[in-house]
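Since the structure comes first, as structure tokens, the remarks are kept for the end.
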Amino acid sequence: MTTKKEEKRIRTRFAPSPTGPLHIGSVRTALFNYLFARKNRGDFLLRIEDTDKERSKKEWEVQLMESLEWFGLNWDEGPILSDQQKIDFGNHLVNYLGSHAPYRQSERTYIYKKYLQQLIDAGQAYFCFCTKEELDAQKQYLMSIGEPPVYQGKCRDLSKGKAEEYLREGKKCVIRFKTPENLKISFNDLIRGKIEFDSSVLGDFVIAKDLENPLYNFTCIVDDAEMEISHVIRGEEHVSNTPKQIVLIRALGFEEPAYAHLPLILNAQKKKMSKREGKTSVTEYIEEGYLAEALVNFIALLGWNPGTEREIFSIDELIADFSLNKIQKAGAVFNLEKLNWLNGVYLRKKSLKDLTSACLPYLEKAGFVENVSLDLYRIKETKEEVFIDWLEKVVFLYQERIKKLTEITELVDYFFKKELDYPKELLAWKQMSDKEISDSLNASLRIISDLDDFKADNIQEALFKEAEKIGDRGSLLWPLRVSLTGKKSSAGPMEIAETLGKEKTMERIKKAIRIMKNE
RNA sequence: GGCCCUAUCGUCUAACGGUCAGGACACCAGAUUUUCAAUCUGGUAAUCAGGGUUCGAUUCCCUGUAGGGUCACCA
Numbered sequence: 146m147t148t149k150k151e152e153k154r155i156r157t158r159f160a161p162s163p164t165g166p167l168h169i170g171s172v173r174t175a176l177f178n179y180l181f182a183r184k185n186r187g188d189f190l191l192r193i194e195d196t197d198k199e200r201s202k203k204e205w206e207v208q209l210m211e212s213l214e215w216f217g218l219n220w221d222e223g224p225i226l227s228d229q230q231k232i233d234f235g236n237h238l239v240n241y242l243g244s245h246a247p248y249r250q251s252e253r254t255y256i257y258k259k260y261l262q263q264l265i266d267a268g269q270a271y272f273c274f275c276t277k278e279e280l281d282a283q284k285q286y287l288m289s290i291g292e293p294p295v296y297q298g299k300c301r302d303l304s305k306g307k308a309e310e311y312l313r314e315g316k317k318c319v320i321r322f323k324t325p326e327n328l329k330i331s332f333n334d335l336i337r338g339k340i341e342f343d344s345s346v347l348g349d350f351v352i353a354k355d356l357e358n359p360l361y362n363f364t365c366i367v368d369d370a371e372m373e374i375s376h377v378i379r380g381e382e383h384v385s386n387t388p389k390q391i392v393l394i395r396a397l398g399f400e401e402p403a404y405a406h407l408p409l410i411l412n413a414q415k416k417k418m419s420k421r422e423g424k425t426s427v428t429e430y431i432e433e434g435y436l437a438e439a440l441v442n443f444i445a446l447l448g449w450n451p452g453t454e455r456e457i458f459s460i461d462e463l464i465a466d467f468s469l470n471k472i473q474k475a476g477a478v479f480n481l482e483k484l485n486w487l488n489g490v491y492l493r494k495k496s497l498k499d500l501t502s503a504c505l506p507y508l509e510k511a512g513f514v515e516n517v518s519l520d521l522y523r524i525k526e527t528k529e530e531v532f533i534d535w536l537e538k539v540v541f542l543y544q545e546r547i548k549k550l551t552e553i554t555e556l557v558d559y560f561f562k563k564e565l566d567y568p569k570e571l572l573a574w575k576q577m578s579d580k581e582i583s584d585s586l587n588a589s590l591r592i593i594s595d596l597d598d599f600k601a602d603n604i605q606e607a608l609f610k611e612a613e614k615i616g617d618r619g620s621l622l623w624p625l626r627v628s629l630t631g632k633k634s635s636a637g638p639m640e641i642a643e644t645l646g647k648e649k650t651m652e653r654i655k656k657a658i659r660i661m662k663n664e
């Protein structure tokens with residue numbers, strides 16, 4: 146005889162509803178489910194909770210899966226893709242999905258119906274014919290006298306005959322669960338410890354609009370049981386749903402999963418992040434040029450810590466170090482500054498090739514270049530053709546300076562413009578007089594025109610030699626740099642000159658000289 | 001309002017009941033530098049309050065305070 150419980154396979158799920166873009170908090174929920182499953186060599190499932198037919202849209206479902214793909218959060222199993230889904234999802238996503246389509250609640254109505262009927266037959270659920278107006282008034286009243294605003298059970302003991310009669314008449318109704326009275330429902334939250342509720346605060350809650358239209362709390366527990374989910378890891382806002390789900394689980398004789406409720410991600414006002422203020426959907430962060438690695442690293446550290454002082458983690462390293470008991474109980478403010486820093490770290494880590502290809506869409510969108518053929522681009526304004534290698538040189542100059550991919554366009558715009566537009570005063574380093582500026586620019590022009598091998602090192606050597614005579618590098622380099630970029634801050638002038646090429650460099654210095662002459 | 005949860009630098013967080021309360025971001029100063037970054041060095045900055053328990057409390061208990069979540073025929 147063995148008393149040791151058989152090791153249950155770890156199975157988690159991410160269960161979003163396709164009613165909008167993926168929320169940053171949902172990504173963290175997905176990530177933690179993923180990390181926990183991978184860490185324990187278990188399964189990670191995706192379940193689309195689209196029981197709300199009004200609000201659920203296929204477009205959101207597609208976008209949601211694309212976001213998950215972007216983050217690299219792959220799920221393990223699912224039904225076979227239908228022909229309709231292949232059309233809806235598009236080639237790219239179909240290729241990506243392979244055989245792992247997500248579970249969709251809208252396709253599982255027959256399952257819920259079966260269990261719903263079971264509860265009704267057993268007298269554990271009943272039809273309620275109360276009107277919305279009636280219920281609203283009741284709720285108002287209960288709250289005004291400080292009682293929990295729960296259903297008072299008017300239809301609870303309606304006779305079977307009467308209910309059937311109403312049903313036949315086509316009277317509007319819902320299905321309520323007959324919540325056991327005077328019952329303490331407690332569960333052991335893996336993050337928070339024991340949490341207890343009194344069943345009186347639950348009331349006879351609605352579990353379905355009708356047999357064909359079950360509601361969240363019901364579909365959720367049926368699916369979790371059917372899919373043999375071992376750990377339900379979800380946001381803190383679900384704590385109050387848990388006792389409802391537990392009484393349903395018991396009524397249906399299912400096995401209770403383990404629960405872990407994640408602390409919320411808060412905005413700067415310490416409130417639950419909402420769409421109203423700030424960016425909450427991941428698509429916005431993607432568009433702004435945050436990298437998946439950076440976002441994953443950042444989000445993981447929001448409410449979880451490795452127990453060491455390490456800050457940088459790849460997703461595989463997170464899997465290796467992840468554990469639920471290192472998760473924080475209190476909500477965490479989304480700290481954009483730290484995300485920016487982390488993104489910079491990952492941007493600097495990227496190979497130049499990868500970074501450049503990540504920047505290209507932004508450069509094209511800004512109208513700087515257009516793709517001509519494989520590696521060939523055309524600068525839109527000058528019609529000049531450049532190879533990808535050259536674009537890599539441009540990007541390289543700013544690899545250490547960008548925090549987000551969007552920033553690349555304003556940083557490098559001067560490489561793509563025919564004419565630079567800047568005020569004359571910008572050419573002055575400290576208190577330089579007009580004459581000093583002109584002299585400085587002429588000196589740079591002379592030095593550069595004398596140079597044969599136009600490499601940054603050579604340019605620097607020649608320039609520094611001249612600067613020594615003047616005794617001040619700034620008065621030579623600043624005007625030169627501004628003449629090439631039209632900006633008060635940028636990468637170094639020698640590197641820029643090399644990238645620009647001798648001809649353009651000279652053109653721009655000459656232009657600056659003309660500006661000094663007020664021409 | 002009822003119920004539930006939470007509380008360490010501005011923010012994310014570390015600290016078997018014994019640490020000088022540690023790290024990271026941000027900020028400030030210095031080094032480097034033509035500028036802006038990057039980089040390096042240093043610095044400012046916290047245990048919500050009051051009671052217990054204990055030789056000793058950030059840590060355990062109670063009360064208060066503050067903040068958050070939730071109270072749908074949404075999920």
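The first sequence stops at residue 664 when you use the working numbering, and every number in between is there.
For every residue, glycine included, the Cβ atom is placed at its ideal position computed from N, Cα and C.
None of the values given here were measured: they were computed from a predicted structure.
Three-state secondary structure (DSSP) of residue i
| i | result |
| --- | --- |
| Ile290 | coil |
| Leu666 | Given that the chain is displayed from residue 146 to residue 664, the structure contains no residue 666 and the question cannot be resolved. |
| Thr148 | Residue placement at Thr148 is poorly supported in this model, since its pLDDT is 44, which falls under 50; the coordinates still yield a value, given next. Thr148: coil per DSSP, three-state reduction. |
| Pro224 | coil |
| Pro163 | coil |
| Glu526 | coil |
| Ala439 | helix |
| Ile547 | coil |
| Asp558 | helix |
| Asp598 | coil |
| Tyr248 | strand |
| Glu341 | strand |
| Gly646 | coil |
| Asn663 | coil |
| Asn219 | coil |
Range covered by the beta strand (DSSP E) that runs through residue i
| i | result |
| --- | --- |
| Arg156 | Arg156 to Phe159 |
| Asp188 | Asp188 to Ile193 |
| Val207 | Run containing Val207: none in the beta strand (DSSP E); it sits in the alpha helix (DSSP H), Lys203 to Phe216. |
| Lys354 | Val351 to Asp355 |
| Phe609 | No beta strand (DSSP E) holds Phe609; the alpha helix (DSSP H) holding it covers Ala601 to Ile615. |
| Tyr430 | Taken as a continuous stretch (DSSP letters only), Tyr430 belongs to no beta strand (DSSP E), being part of the alpha helix (DSSP H) at Val427 to Glu433. |
| Ser331 | Lys329 to Asp334 |
| Arg321 | Val319 to Phe322 |
Residue from the options with nearest C-alpha to residue i
| i | options | result |
| --- | --- | --- |
| Arg591 | Lys647, Leu565 and Gln544 | Lys647 |
| Glu643 | Glu545, Arg337, Asp579 and Ile604 | Ile604 |
| Thr425 | Phe513, Gly170 and Ile641 | Gly170 |
| Ala402 | Asn412, Phe332, Phe342 and Ala437 | Position check: residue 402 holds Pro in this sequence, whereas Ala was assumed. Minimum Cα distance to Pro402 is reached at Phe332. |
| Tyr248 | Leu596, Asp369, Ala437 and Leu328 | Asp369 |
| Ile320 | Phe272, Tyr311, Gln283 and Leu312 | Phe272 |
| Lys305 | Gly268, Asn587 and Gly217 | Gly268 |
| Ile391 | Gln414, Cys365, Asn450 and Met372 | Cys365 |
| Asn412 | Pro325, Lys614 and Ala477 | Ala477 |
| Ala475 | Glu454, Ser459, Gly448 and Ile460 | Gly448 |
| Phe513 | Leu572, Ala601, Lys562 and Lys323 | Lys562 |
| Gln250 | Leu264, Ser244, Gly223 and Phe234 | Gly223 |
| Pro294 | Asp281, Lys510 and Lys600 | Asp281 |
| Asp520 | Thr527, Pro568, Leu505 and Gly434 | Leu505 |
| Thr551 | Leu328, Leu508, Asn516 and Gly619 | Leu508 |
| Tyr435 | Glu357, Lys525, Lys417 and Asn485 | Asn485 |
| Arg653 | Ser594, Asp617, Lys389 and Glu606 | Ser594 |
Residue i - containing alpha helix (DSSP H), residue span
| i | result |
| --- | --- |
| Tyr241 | Asp228 to Leu242 |
| Lys307 | Lys305 to Glu314 |
| Lys666 | No information on residue 666 is available, as it lies outside the stretch 146 to 664 that the chain covers here. |
| Val172 | Ile169 to Lys184 |
| Phe272 | It is not in any alpha helix (DSSP H) - Phe272 instead sits in the beta strand (DSSP E) that spans Ala270 to Cys273. |
| Val539 | Ile533 to Phe541 |
| Pro325 | First-last for Pro325: undefined, no H or E at that position. |
| Ser628 | Arg618 to Thr630 |
Supposed contact pair residue j and residue i - C-beta distance, whole angstroms, cut 8 Å
| i | j | result |
| --- | --- | --- |
| Leu622 | Gln544 | 21 Å between Cβ atoms; not a contact. |
| Thr108 | Ile641 | This structure cannot settle anything about residue 108, because the visible part of the chain is limited to 146 through 664. |
| Ile457 | Asn442 | 7 Å |
Worksheet item: Can you give, in chain order, each stretch of the alpha helix (DSSP H) that sits fully within the region 449-522 and has at least 4 residues?
Response: 460-466, 481-494 and 497-510
Worksheet item: Fully enclosed by the region 360-423, which beta strand (DSSP E) runs are 3 residues long or longer?
Response: 376-380 and 403-407
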